[in-house]
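Quick note: the numbering used here has the sequence shown finishing at residue 942, numbered continuously throughout.
Everything below concerns the one structure shown next.
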Amino acid sequence: MQRTGSVERSRGLLRSDSNVIVRTSSSPSRLNPDPRPDTAYSTSITSKLSTASNSPIFSPSSSPPRSLRESGRSNSLPLLETARNLAGSLPPLYAEQNEKVFLTHCWVVLRHWGLGGRRVNRLVLLALFFLLVILVIAYTGYLPPTHMGFSDQPPTTSSDPDAAVLNLETGFTPIESQDQDADLPLSDWSRYRQYGIVIDAGSSGSRVQVYSWIDPMHIRQLAEKATKHEREKMLRRLSVIEKGDENGERWQFKEDPGISSFADTPDQVGRHLKPLLDFASSVVPTRKHASTPIYLLATAGMRLISPTARTAILSHTCEYVRSHYPFATNGGCDLHFRVISGELEGIYGWITVNYLKNGFGGTSTRKRKHTFGFLDMGGASTQIAFEPTADMARKHGDDLTGLRMRFLDGTELAYSVFVTTFLGFGMNEARRRYLETLIKGNSLDERRYSLPYSRAPQGALSDGATSPVIIPDPCLPLNLLLNDTSHVPHDTKPLLLKGTGAFSTCLEAQIPLLNKSLPCPDIPCLFNGVHAPISDALHFLGVSEYWYTSSQVYGLGGAYNHSIFYRTTETFCSQPWEDIERMHAEGAFPQVSDLDRLRLQCFKSAWIMNVLHEGLGVPRDRVRVPGDEDEDGKGVDVEGEGASNFESVDQIGNFGVSWTLGAVLLHVAATVPRSPQDTLGTGKFGMGLVLGAVVVGVLSVIYIRVRRKRRRGGYGALGTNTGQEPDIRMWGVDRLAEEGGIDIILEDVAGESVGEPLEPWQDNARLPP
174 MQRTGSVERS RGLLRSDSNV IVRTSSSPSR LNPDPRPDTA YSTSITSKLS TASNSPIFSP
234 SSSPPRSLRE SGRSNSLPLL ETARNLAGSL PPLYAEQNEK VFLTHCWVVL RHWGLGGRRV
294 NRLVLLALFF LLVILVIAYT GYLPPTHMGF SDQPPTTSSD PDAAVLNLET GFTPIESQDQ
354 DADLPLSDWS RYRQYGIVID AGSSGSRVQV YSWIDPMHIR QLAEKATKHE REKMLRRLSV
414 IEKGDENGER WQFKEDPGIS SFADTPDQVG RHLKPLLDFA SSVVPTRKHA STPIYLLATA
474 GMRLISPTAR TAILSHTCEY VRSHYPFATN GGCDLHFRVI SGELEGIYGW ITVNYLKNGF
534 GGTSTRKRKH TFGFLDMGGA STQIAFEPTA DMARKHGDDL TGLRMRFLDG TELAYSVFVT
594 TFLGFGMNEA RRRYLETLIK GNSLDERRYS LPYSRAPQGA LSDGATSPVI IPDPCLPLNL
654 LLNDTSHVPH DTKPLLLKGT GAFSTCLEAQ IPLLNKSLPC PDIPCLFNGV HAPISDALHF
714 LGVSEYWYTS SQVYGLGGAY NHSIFYRTTE TFCSQPWEDI ERMHAEGAFP QVSDLDRLRL
774 QCFKSAWIMN VLHEGLGVPR DRVRVPGDED EDGKGVDVEG EGASNFESVD QIGNFGVSWT
834 LGAVLLHVAA TVPRSPQDTL GTGKFGMGLV LGAVVVGVLS VIYIRVRRKR RRGGYGALGT
894 NTGQEPDIRM WGVDRLAEEG GIDIILEDVA GESVGEPLEP WQDNARLPP
């Protein structure tokens, strides 16, 4: 191929690995496709160039500028000696003020470099160039995973206690393995063991729980002596949390009532705490007291009292613990003794069930495992926490809460979790609102019969009851008579509920309680106007009332089956109440201690089903839920996962499901040193290594190509083989074009022209401005 055109189109640096064929003419013209220079050509161009530059020029070499082909390789002379001598007399590159000349120069060089080399080299260079561009774009646009993945970003300091804990900012720094344990016998269970104390300060009482785990620093020291495979197995996981007692028996203790009962006498809270702290002190070895962290985390009961009373109770709690016990409170009173939000409680529960069900993985592979959603239903509220799918997380990132976990090797895992609390949708509150609706539907005065919270329904009429108002209730067993006179003003007739046992009617009557007609800010929408990035692919674990309702009466705890649960409930509710009482007396319900559970079993079963299917959208049919995915994208079962999208749990392994385990797990993760760099191939560190390797590869190919050309004389001095690259400039040759005009052809050392012939100067379409 050939490149032709006027001198003004071909100004610039003519590389020494190309032949230059210059032909004079009276006007710019297109050259013959295969020009052959001769002696007359050399003499003519010499005189023309000499006249144009007013400088003496030596006689040109008589060597032909065309390539001599030998076995496909070039042995041609690079350029005429005339052009070499001309270079010193022409103005330098930056002396030319015309910007178009400079751009033309760059254009010619780039086209020659990209199109003038050997075909194999061109393809390799272009492929590497495009790969480099792709990696640069991927690297500069890379973001650490927010919904799932391994994190390479350092945690940010936060003044919010909840955010600080979720970012692993607990105030506890990694410490060296405890030397005093080295003298203990290997059989001593407490050897290199650390402890943690959590007090769950609920509304009805406070429960202290003592957890333990092997010192992470000690495990890391042992891993240094292990093989690579064993080391990865030891460190590529979360810390193993155990009960504080070796036998798993003396690790928790409960004290009634709740600390919220000290709202009027906060200085007396020590009397409530002393039995709890004494128990914890007896479980934790004395030599470990000073290094054992303690947390008192209050929930629903403390949220209901005034902020002033709440602050006073927590302040006296911190003062009492610090003055009477040596337990560690490195994070300060505000972090160790506080009321946690319902959302944080939900996240703790989510961490607990996923840890116990191996949802966080911990294998030698970096592939993320499927995590489980968490459901908790209490008396006043219900909670939901789950990690959305990748697609949902991208669309609804603003609705998610970030948290970090950390393997023993220091690798961090970043999760983005959706969590929310539905106040007023717990079992007892739902029952209260249902009764209000039931009274309204029976044309009773709503103002006089607005029913407050009902703790335990009564099974018999009061002695002074006359002419009671009987209301049929489809959510009670057949023929059960239940009065609620304690919620009705004294100047009215007694209220009597009579069970009809119509379970399907009960389901329909409860649906309006979900408030699904309320406007939702975005889709998908759950209930009560709450938006959540939920999908059918999620697998949920339910605790508390989800377990009690399924297991205690029906024995259906575990993997949920809608058809079986529906038929069992329908059969139970349609039985006469007298038969149910008789069955209870005969021991047919061994897990039921009193009749209150049986009286409200129909209502609770219906509410569980409505929340799951109508509220949260859990599929009714049995659907296999994938866990991790293999290389072919097929689902792989996660340990303990059944065929249902939902299962109720109360105990996993030897642990009862408690959100306090999630709180301890975050504390332990914070004491593991963060890895200074992630494992190769993950995060920006790995991306940087790959990018650097590609850059080195590209430069290596270019270097090898240049070196080969120099060895065969392609970059040597013009007409010689000295190995020095000449500096040839054709600036000023435009004056020659003005006098008579010349045409130029660029050829590579193999005798092939560089490109297509250039169009005449007046055609500017193919040149930069």
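Every residue, glycine too, gets a C-beta built ideally from N, C-alpha and C.
Smallest Cα separation from residue i: which of the options?
i	options	result
K671	Y719, W750, G870 and A779	W750
W362	A374, V869, S377 and W386	W386
I370	T742, G552 and P499	P499
G715	G519, L680 and R740	G519
F776	I524, C648, L450 and Q748	C648
P561	R380, S377, H712 and P667	H712
N783	P694, M756, D437 and Y739	Y739
F559	A553, K568 and T544	T544
F819	G546, P439, K613 and L669	G546
L838	L301, L276 and T343	T343
I557	K568, L596 and G534	L596
D437	M407, K401, H489 and I392	H489
G522	V830, V845, A843 and P846	V830
Out of curiosity, what's the CA-to-CA distance linking residue i and residue j?
i	j	result
G505	K447	20 Å
L653	T833	39 Å
R460	E415	19 Å
F598	E397	52 Å
R373	L305	A small fix is needed here, since residue 373 is Asp in this sequence, not Arg. Roughly 55 Å between the two C-alpha positions.
G813	V526	Note that G813 scores 41 on pLDDT, short of 50, meaning its location in the model is unreliable; the coordinates nonetheless yield the value given after this. Cα to Cα, G813 sits roughly 11 Å from V526.
G375	S412	27 Å
E743	A675	8 Å
A473	R772	26 Å
D646	G790	26 Å
M579	M550	The residue you asked about is not Met; residue 579 is Arg in the sequence shown. Rounded to the nearest angstrom, the two C-alpha atoms are 29 Å apart.
E405	A399	9 Å
N615	L680	18 Å
P799	S817	Since pLDDT at P799 reaches only 42, below the 50 mark, its modelled position is unreliable, and the value read off the structure follows with that caveat. Straight-line Cα distance between these residues: approximately 11 Å.
L517	I877	60 Å
R606	L686	7 Å
S464	F345	10 Å
I643	A501	60 Å
L668	T555	29 Å
G760	I753	11 Å
Grab me the residues of residue i's own chain with a C-beta within less than 7 Å of its C-beta, minus the 5 sequence neighbours each way, in chain order.
i	result
R770	Q725 and V726
W780	M600, A603 and Q683
D507	P334
H786	R793
What is the DSSP secondary structure of residue i, counted as helix, strand or coil?
i	result
A399	coil
D373	strand
R740	helix
N531	coil
V442	helix
I307	helix
S589	strand
W523	helix
T678	helix
L729	coil
A558	strand
E602	helix
C648	coil
C506	helix
G826	coil
Ordered along the chain, which non-local residues of its own chain (more than five positions away) have a Cβ less than 6 Å from that of residue i?
i	result
G730	W720, S723, S724 and S821
S848	G583 and T584
T673	P645 and P647
L450	Y498
S433	G474, M475 and I478
V841	W386 and S412
S377	G431
Near residue i, what residues of its chain come up, given a Cβ to Cβ distance below 8 Å and the 5 sequence neighbours on each side ignored?
i	result
I696	H704
L573	T319, H320, P561, A566, S589, V590, F591 and P706
P692	G702
H757	V765, L768 and L771
Does the beta carbon of residue i fall short of 7 Å from some heavy atom of the ligand ZN?
i	result
F762	No copy of the ligand ZN occurs in the structure displayed, which carries no ligand at all.
### Task
Entirely within the region 412 to 474 and at least 4 residues each: give me those alpha helix (DSSP H) ranges in chain order.
442 to 456
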